[in-house]
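Going by the numbering used here, the first residue of the sequence shown is number 1, and it counts up by one from there. Note that the Cβ used here is the ideal one computed from N, Cα and C, for glycine as well.
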Amino acid sequence: MASKRDQNFGGRLVDESMIILRKRIHEMNMIEKNYEAPSDWMEWEKRCFTNYDSIICEAMGVLQTQLMNTRPSVALGAIAFVAISIPTSSAVVFLHLLELAKSVLAGIHIA
Numbered sequence: 001m002a003s004k005r006d007q008n009f010g011g012r013l014v015d016e017s018m019i020i021l022r023k024r025i026h027e028m029n030m031i032e033k034n035y036e037a038p039s040d041w042m043e044w045e046k047r048c049f050t051n052y053d054s055i056i057c058e059a060m061g062v063l064q065t066q067l068m069n070t071r072p073s074v075a076l077g078a079i080a081f082v083a084i085s086i087p088t089s090s091a092v093v094f095l096h097l098l099e100l101a102k103s104v105l106a107g108i109h110i111a
């Protein structure tokens, strides 16, 4: 019977509701614990703290929706591009910092 239900809906009901279900479970846990932001946080952090979960859920929902509405090759290409570009840019930054350190150390004369 479950396989017939999956054929009718293609699992979309579960997929669309999963993020909202996780968000509601997290909100209920936060309410039960009466969790507040730590007192050493800045005022803007405390303001964002209350809406942080909903902001993240909305952003991930938009990303998920966009990826689900594109062709698989485009989505995989975008993921591959990000996966390659992050290590590459990190390596470039590291090499620039290494050159900076070399020039600083070259300028120091030990007497």
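Distance from A75 to L63 at the Cβ level is roughly 10 angstroms; contact not present, criterion being Cβ atoms closer than 8 angstroms. A direct Cα-Cα distance of roughly 17 angstroms separates E27 from M60.
Taking the Cα positions, T65 is about 43 angstroms away from L100. For the region 26 to 85, the full-length alpha helix (DSSP H) segments reaching 4 residues or more read 43 to 69 along the chain. DSSP, reduced to helix, strand and coil, places I108 outside both helices and strands of the structure shown, so it counts as coil. Ranked by Cα distance from N29, the first of K102, S89, D53 is D53.
With contacts defined as CB atoms closer than 9 angstroms, C57 and K23 qualify as a contacting pair. Spanning the alpha carbons of E36 and I55 requires a straight line of approximately 17 angstroms.
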